[in-house]
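Start counting the sequence shown at 0; every next residue gets the next number (numbering that gives the first Met the number 0).
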Amino acid sequence: MNFKKIYNKFILGAVAVASFSMTGCVNDLDTSPIDPRVEVSDNVYKNQENYLKVLSKVYGNLSLSGQKGPSGDGDINGIDEGHGQFLRGLFYAMEYPTDEANNCWQNEFDLSFGYTTLSYAASNGYVTALYSRIFIGVSYANEFIRESTDDKLAARGVTDQAFINTIKGFRAEARFLRALYYWYAIDLFGNVPFVTEADPVGSFNPQQKKKAEIFQYVVDELTEITDGSGDEKLVDSAPYGRAGKYAAYMLLSKLFLNKNVYTFDYDGNSTIPARYPSGVAADYTEAARYAKLVIDNGGYTLNSDYANNFRADNHLSPELIFTVPCDGARTQSFGAMTFVLSASLWTDWSGLEDNYGTSNAWGGHRSTEEFVAKFAEGTDTRAMFNRELMRPTNDDIYDFKSGVGVVKYKNLDQSNTIGKNKSHPDIDFPLFRLSDAMLMYAEAVARGGTGDRATATTYLNQIRTRANQGDISDTWSVADLLDERARELYWECHRRTDLIRYGVLTSSEYVWPYKGNSETGAAVESYKNLFPIPQNEIGANPTLTQNPGY
């Protein structure tokens with residue numbers, strides 16, 4: 000990874016701080032921008048108020064695309080700014096290669112063919128943009144951690160112990176965000192470059208580490224900032240838009256549930272397996288334990304109305320644990336929820352503003368009748384689809400109307416009032432929510448982890464009852480949970496990871512329309528379980544080794 004090639008405005012040793020401010024309940028992140036081309040570290044950190052502003056930029060990498068909104072002065076050169084936004088790139092990677100979503104856009108890097116058919120290459124610009132965005136996030140976090148040590152504070156004359164303690168909490172949040180970015184890095188790309196605050200500032204070639212090593216690093220970091228002996232700790236109940244202890248527990252549960260994938264050593268193998276070796280009971284026990292901590296102690300409850308988790312006022316939902324906050328006035332971009340919502344709508348559908356709170360209809364991603372068949376339409380309240388002007392065939396990947404519209408997200412609050420901006424929604428994207436913790440607990444127990452199957456069944460039935468579905472069979476199995484996760488969590492950026500864990504993303508065991516460039520679906524090369532390291536990164540850093548198959 001050559002830092003000079005990745006970053007546009009962020010200069011290591013300086014700090015890029017953009018506004019990540021919200022309205023109402025989010026004054027904790029209500030900051031003003033500091034121009035990174037003018038301000039340098041010594042000037043920035045001279046003012047104690049700026050520490051929160053720098054932390055805001057670490058969070059802002061999840062929802063913003065540059066120094067301005069909605070476009071202009073983007074963080075990443077060489078690609079449309081909207082395409083380079085983190086959540087947009089994550090949605091591409093986690094949804095389009097799966098049975099849940101496909102894209103019809105034929106453009107420079109051909110989202111529809113490259114992602115939807117699982118034929119992505121090392122030269123794909125969208126793969127490069129997501130890779131870059133992840134490591135920008137790592138560097139933002141490293142910069143804050145590097146500049147907020149006790150020694151740095153003392154050198155700047157900071158003696159207020161209350162402020163010093165506050166900074167320790169900020170550092171824990173930055174460490175969580177760095178862990179989150181590294182989780183996405185190993186999930187998507189496998190063995191990746193590894194950089195921390197201890198590495199030199201400036202352009203250099205960081206060494207590539209195996210994903211198993213980074214897995215352990217992330218687990219150690221999350222354990223330290225939750226239950227470790229140090230004084231940098233996440234709080235139990237974080238301010239809106241920020242991470243608390245239970246967000247870290249959610250991530251730990253996900254890490255252990257997928258540990259057999261993340262620790263598989265593919266060095267020296269000609270390819271990556273379609274199905275990874277089975278995990279061990281001890282790891283599933285840890286996955287169940289962390290999920291149970293969230294369920295029992297986090298103070299979260301299932302929202303009585305599933306749809307309210309995806310509306311313009313979903314910050315009020317008692318179910319959401321960690322989100323990508325999006326605000327129509329303060330976080331405008333052509334990525335994030337502007338993209339997720341607008342690209343799901345067709346311009347000729349009736350009542351766009353009345354039904355969805357926006358007139359933006361880009362006609363990009365939709366689903367298929369085959370996926371919709373997983374739902375008991377007419378009774379399952381999670382089945383939020385639109386067939387107006389659509390046709391139930393998969394005969395044209397480039398025609399939005401070939402398939403089924405998904406209308407899960409709406410820029411309308413619970414009273415059906417449109418969000419503050421019709422073009423940029425107020426919907427927060429739910430990265431982690433309670434029902435996912437319940438499903439992870441059930442799966443971990445079913446895979447052999449220590450826990451209680453009766454409790455797991457209760458959780459599954461609570462989720463199904465909320466959706467107006469009957470109780471699950473007492474004989475439910477691990478296999479049943481893959482479809483249950485699809486019904487509950489579709490279009491929330493979990494599906495690719497789930498399909499890999501179940502060994503079916505690339506295999507012939509389970510196929511869907513467009514997989515393998517087939518209308519009915521076909522197996523693809525198993526190495527597509529990982530994305531390629533971008534080719535320009537391989538060229539810039541001679542220490543990097545490309546993933547097998549690319």
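Cβ coordinates follow ideal geometry from the N, Cα and C atoms, glycine included.
Lys270 - containing alpha helix (DSSP H), residue span: Reading the sequence as shown, one finds Thr at residue 270 and not Lys. In the DSSP assignment, Thr270 falls outside any alpha helix (DSSP H), carrying neither H nor E.
Extent of the continuous beta strand (DSSP E) to which Leu430 belongs: Phe428 to Arg432
Using C-beta distances below 8 Å, list every residue in its chain close to Tyr91, excluding the 5 sequence neighbours before and after it, in chain order. Asn102, Leu110, Tyr114, Tyr125 and Leu129
Is the region 82-101 in contact with the region 149-158, if contact means three or more CB pairs nearer than 8 Å? no
Cβ distance (whole Å) where Arg381 is taken to contact Phe374 below 8 Å: 7 Å
What three-state label does DSSP hand Leu340 in the structure shown? Leu340: helix per DSSP, three-state reduction.
Inspect the beta-carbon positions of Asp412 and Arg310 and report whether they are closer than 8 Å. yes
Please identify the residue among Glu442, Ala453, Pro238 and Asp451 whose C-alpha is closest to the C-alpha of Thr477. According to the sequence shown, residue 477 is Val rather than Thr. Out of Glu442, Ala453, Pro238 and Asp451, Glu442 has the C-alpha closest to the C-alpha of Val477.
To test your reading of the DSSP string, which unbroken alpha helix (DSSP H) runs of 4 or more residues are found completely within the region 356-395? Complete alpha helix (DSSP H) runs here, min 4: 368-371.
Secondary structure of Asp34, DSSP reduced to three states: Residue confidence is low: Asp34 scores 38 on pLDDT, short of 50, so the model does not pin down where it sits. No coordinate-derived value is stated.
Quick one: give me the first and last residue of the alpha helix (DSSP H) that Ile144 is part of. Looking at the DSSP string, the run of the alpha helix (DSSP H) that includes Ile144 is Gly124 to Arg145.
Best match in Gly88, Leu51, Ala184 and Tyr299 for proximity to Ser62 [C-alpha to C-alpha]: Gly88
Per DSSP, what kind of secondary structure is Ile532 in: helix, strand or coil? coil
Cβ distance (whole Å) where Thr357 is taken to contact Ser341 below 8 Å: 6 Å
Can you have a look at Thr346 and say buried or exposed, based on whether 16 or more other CB atoms are within 10 angstroms of its CB? Exposed is the call here.
Option nearest Val260 by Cα separation, candidates Asn535, Asp74, Asp295 and Tyr526: Tyr526
So, with DSSP's three-state summary, where would you put Phe108? coil
Taking the alpha carbon of Asp451 as the reference point, which residue from Gly502, Tyr283, Phe333 and Glu94 has its own alpha carbon closest? Tyr283
Leaving aside the five residues before and after Trp361 along the sequence, list all residues of the same chain whose C-beta is less than 6 Å from its C-beta, in chain order. Ser341 and Ala342
Going by C-alpha to C-alpha distance, which of Val444, Val371, Met439 and Leu256 sits closest to Trp511? Nearest C-alpha to Trp511: Val371.
Quick check on this structure: which residue in Gly377, Thr519 and Asp41 has the alpha carbon closest to the alpha carbon of Gly156? Asp41
In whole angstroms, what is the alpha-carbon distance linking Ser20 and Asp425? Confidence at Ser20 is low in this model, with a pLDDT of 26, below 50, so its placement is unreliable and no value can be given for it.
Cβ-based burial, Gln84 [other Cβ within 10 Å; buried from 16]: buried
What does the alpha-carbon distance come out to for the pair Tyr395 and Ser472? This sequence places Asp at residue 395; Tyr is not what is there. So the alpha carbons of these two residues sit roughly 38 Å apart.
Between the region 166-182 and the region 228-242, can you find at least three pairs of beta-carbon atoms closer than 8 Å? Contact between the region 228-242 and the region 166-182 is present, because at least three Cβ pairs lie under 8 Å.
Between the alpha carbons of Thr542 and Thr454, how many angstroms are there, rounded? 48 Å
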